[in-house]
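Structure record follows, encoded as structure tokens.
There are 2 protein chains.
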Amino acid sequence: MSERSVSHICPDGYQRMLITIEYDGHQLVGWQSQENNPSVQGFLEAAAKKLTTEPTFIYGAGRTDAGVHATAQAAHLDVPKHLDERAVLMGLNSWLQTKQISVLSARAVAADFHARFDARERGYLYRISERMIPSAIERHRVWNHRGDLDTRAMHEAAQILIGKHDFSSFRATGCQAASPIRTLDELSVTRTDTEIHIRARARSFLHHQIRNFAGSLVRVGTGKWTAQDLARVLAAKDRTQAGQTAPAHALYLTSVRYPDLAET
Amino acid sequence: MSERSVSHICPDGYQRMLITIEYDGHQLVGWQSQENNPSVQGFLEAAAKKLTTEPTFIYGAGRTDAGVHATAQAAHLDVPKHLDERAVLMGLNSWLQTKQISVLSARAVAADFHARFDARERGYLYRISERMIPSAIERHRVWNHRGDLDTRAMHEAAQILIGKHDFSSFRATGCQAASPIRTLDELSVTRTDTEIHIRARARSFLHHQIRNFAGSLVRVGTGKWTAQDLARVLAAKDRTQAGQTAPAHALYLTSVRYPDLAET
Numbered sequence: 007m008s009e010r011s012v013s014h015i016c017p018d019g020y021q022r023m024l025i026t027i028e029y030d031g032h033q034l035v036g037w038q039s040q041e042n043n044p045s046v047q048g049f050l051e052a053a054a055k056k057l058t059t060e061p062t063f064i065y066g067a068g069r070t071d072a073g074v075h076a077t078a079q080a081a082h083l084d085v086p087k088h089l090d091e092r093a094v095l096m097g098l099n100s101w102l103q104t105k106q107i108s109v110l111s112a113r114a115v116a117a118d119f120h121a122r123f124d125a126r127e128r129g130y131l132y133r134i135s136e137r138m139i140p141s142a143i144e145r146h147r148v149w150n151h152r153g154d155l156d157t158r159a160m161h162e163a164a165q166i167l168i169g170k171h172d173f174s175s176f177r178a179t180g181c182q183a184a185s186p187i188r189t190l191d192e193l194s195v196t197r198t199d200t201e202i203h204i205r206a207r208a209r210s211f212l213h214h215q216i217r218n219f220a221g222s223l224v225r226v227g228t229g230k231w232t233a234q235d236l237a238r239v240l241a242a243k244d245r246t247q248a249g250q251t252a253p254a255h256a257l258y259l260t261s262v263r264y265p266d267l268a269e270t
Numbered sequence: 007m008s009e010r011s012v013s014h015i016c017p018d019g020y021q022r023m024l025i026t027i028e029y030d031g032h033q034l035v036g037w038q039s040q041e042n043n044p045s046v047q048g049f050l051e052a053a054a055k056k057l058t059t060e061p062t063f064i065y066g067a068g069r070t071d072a073g074v075h076a077t078a079q080a081a082h083l084d085v086p087k088h089l090d091e092r093a094v095l096m097g098l099n100s101w102l103q104t105k106q107i108s109v110l111s112a113r114a115v116a117a118d119f120h121a122r123f124d125a126r127e128r129g130y131l132y133r134i135s136e137r138m139i140p141s142a143i144e145r146h147r148v149w150n151h152r153g154d155l156d157t158r159a160m161h162e163a164a165q166i167l168i169g170k171h172d173f174s175s176f177r178a179t180g181c182q183a184a185s186p187i188r189t190l191d192e193l194s195v196t197r198t199d200t201e202i203h204i205r206a207r208a209r210s211f212l213h214h215q216i217r218n219f220a221g222s223l224v225r226v227g228t229g230k231w232t233a234q235d236l237a238r239v240l241a242a243k244d245r246t247q248a249g250q251t252a253p254a255h256a257l258y259l260t261s262v263r264y265p266d267l268a269e270t
């Protein structure tokens, strides 16, 4: 396991903590730290440094892009042993220099726990509305796609994508994953009173995979594509065949699951 | 009717239009125009001037404070007769210099219609959450009041306030209304999966009335006050007796009703 070296073990005198994090991705550059730009990791590491009084790295379960939200991102950090779960939870929140990030929980975990490598499933929600006039209040929260969408057709077509496939057609050109093969456990399309919700679950996803799913499923919803068209696109293993990359601001990381731990 | 003079009649060659408006009140100074500060009325009047190519006043059904949201504010304006409902709806939205305001509908109305004086009922929603850690995503949308609230006690106490009363105890010190007497038609407290919703309906409200209701009802919800305490506060006609003014950012203007018109 080259990626998971001994350096990933929590050092003596420290306690590894799993934290869950909610954030509003609007005006953030995404999860990953960037010098002089507001990132979730950057804000959290600044807060952790204040709490622990030493440089403290935050390991996320996965990156999210600029604009993407999370209701339950997961991450781990190592803190001096005198800090317990409550001290970490309350301390990080009190040192965070923005209210657009909240630490929701902190839990002591084993010294070899790793937020990224141990994650067994990620869950995402993609929100679409169909209003003629986009919502002002939800403008950074929901993708407004004007006009009625056939959500039953979208859901049925989505089932074609379930299982283990080469998802090259739904992968960002800059995706750094070693393999385009992923196993998709859920891709459901449901309608609420006012919105359409796409929910996706998998051990891991390719870069832009869910936003590319959303863009392609909307083509099915408008009747431009049939389920067979979607199957053909999947089989083509060619990004240029699929639909548009739907906007980041309607995507939410909603869960990260670990073995022997409750859902975060 | 001194307030409703002949100058409130739509001039010849013009058509009066009733519009409904959604807005995100965050970082706006409220409904009313203020020089050099972002207001809903100011943005709408700028858009209307672009659309009509002349100075155009927007008359709102009521003012909302800085930070307060609306899902259906109402207002009227007079436009040259060649502009129909669709031209007003699409034109205002296309000229609006912010997406935090959306015009949801435009409807031709009688020349003597008045958005403020003809309104028969205003409806508001106040959202409260009880999370230990406030939501990052909803931080400008919901009042986070940590700890469980007894919503049944809140609802029962709220019923004391229904009807015609002198609401001086729930009136902002700067309130400019001629009389502190109002008739409250609804004040309900309900619990959703994740929030507490206070809904209020009346022909009109005093300044801060609903936010003062919310602050006082929370005292009932925590057990600090009984329903009898609330009755005593109402009878005192003294602002210093009531609870805090709850934050603006959790208040939504949700409806304005007119006679012979469907709810806006």
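Line order of the protein sequences matches chains D and X.
When you line the first sequence up against the numbering used here, it's residues 7 to 270, in that order.
When you line the second sequence up against the numbering used here, it's residues 7 to 270, in that order.
Every residue, glycine too, gets a C-beta built ideally from N, C-alpha and C.
Comparing alpha-carbon positions, which option in D:I25, D:I64, D:D124 and D:G66 lies nearest D:V94? D:I25
Residue of X:K170, X:E144 and X:A252 minimising C-alpha distance to X:A178: X:A252
Below-8 Å beta-carbon distance, D:A204 vs any chain X residue: The question names Ala, but residue 204 of chain D in the sequence shown is Ile. Closer than 8 Å: no.
Distance check for D:V148 and D:H171, CA to CA, integer angstroms please. Their backbone Cα atoms lie some 28 Å apart in a straight line.
State the DSSP-derived secondary structure class of X:A72, mapped to helix, strand or coil. coil
For D:R152, is the classification buried or exposed, using 16 other Cβ atoms within 10 angstroms of its Cβ as the cut-off for buried? exposed
For chain D, find out if any of its Cβ atoms is closer than 8 Å to the Cβ of X:I64; answer yes or no. By this cut-off, X:I64 is not an interface position.
Going by CA-CA distance only, name the one from D:A241, D:S135, D:R158 and D:G229 that's closest to D:I187. D:A241
CB-CB under 6 Å to X:L110, same chain, minus the five flanking residues each way: which ones, in chain order? T26 and E28
In terms of residue numbering, what span does the beta strand (DSSP E) encompassing D:T196 cover? Start and end: I187 to R197.
Taking the beta strand (DSSP E) that D:Q21 belongs to, which residues open and close that run? D:Q21: member of the beta strand (DSSP E) spanning Y20 to Y29, first to last residue.
Of the listed residues D:V115, D:C181, D:D191 and D:R197, nearest to D:S271 (C-alpha basis): Absent from the model: residue 271 of chain D. The displayed extent of chain D is 7 to 270, so no value can be given.
Name the two residues that bound the continuous alpha helix (DSSP H) containing D:T157. T157 to A164
Distance, X:P86 Cα to X:D18 Cα: Their backbone Cα atoms lie some 9 Å apart in a straight line.
Does the beta-carbon distance from D:G129 to D:V74 come in below 8 Å? Not in contact: D:G129 and D:V74 (Cβ atoms no closer than 8 Å).
Decide if the segment 111-118 of chain D is in contact with the segment 31-48 of chain D; the criterion is three or more beta carbon pairs, one per stretch, under 8 Å apart. no
Three or more C-beta pairs under 8 Å: does that hold for the segment 231-245 of chain D against the segment 119-128 of chain D? no
Interface positions of the segment 125-145 of chain D facing chain X (Cβ-Cβ less than 8 Å), listed along the chain: I139, P140, S141, A142, I143 and R145
From X:L155 to X:R225, what distance separates their C-alpha atoms? 9 Å
Just checking: is the beta-carbon of D:L34 within a distance shorter than 8 Å of some beta-carbon in chain X? no
Closest Cβ-Cβ distance between D:V109 and chain X: below 8 Å? yes
Given the structure, does D:E41 come close to the ligand GTP, in the sense that its CB is under 7 Å from one of the ligand's heavy atoms? The ligand GTP is absent from the structure shown, which contains no ligands of any kind.
With 8 Å as the limit, tell me which residues of the segment 88-107 of chain X have their beta carbon closer than that to any beta carbon of chain D; keep them in chain order. L95, N99, K105, Q106 and I107
Find the residues of chain X that neighbour D:Y29, judging by a C-beta separation of less than 9 Å, and give them in chain order. A142 and I143
According to DSSP, simplified to helix, strand and coil, what is D:A252? coil
Quick one: measure Cβ to Cβ for D:T260 and D:T77, integer angstroms, because I've assumed they're closer than 8 Å. Taking a contact as a CB-CB distance under 8 Å, the pair D:T260 and D:T77 counts as one, their CB atoms being some 5 Å apart.
Taking just the CA atoms, how far does D:V115 sit from D:K230? 49 Å
8 Å contact criterion, which D:A117 and D:I15 should meet: CB distance rounded: Contact holds; Cβ gap of about 5 Å.
Beta-carbon of D:G19 versus every beta-carbon of chain X: anything under 8 Å? no
So that I know if they touch, is there some Cβ in chain D lying closer than 8 Å to that of X:H82? no
So that I know if they touch, is there some Cβ in chain X lying closer than 8 Å to that of D:H75? With its beta carbon less than 8 Å from one in chain X, D:H75 belongs to the interface.
Counted within 10 angstroms of its Cβ, other Cβ atoms place X:E41 as buried (16 or more) or exposed: By the neighbour-count rule (16 or more Cβ atoms within 10 Å), X:E41 is not buried but exposed.
Nearest residue (CA-CA) to D:L83, options D:T104, D:A54 and D:Y258: Measuring from the Cα of D:L83, the nearest candidate turns out to be D:A54.
Contact set for D:Y258: own chain, Cβ-Cβ below 6 Å, skip 5 residues either direction: The residues are H75, T77 and L131.
Continuous beta strand (DSSP E) stretch holding D:R263: start and end: L257 to R263
Quick one: what's got a C-beta closer than 6 Å to D:T232's C-beta in the same chain, skipping five residues either side? none
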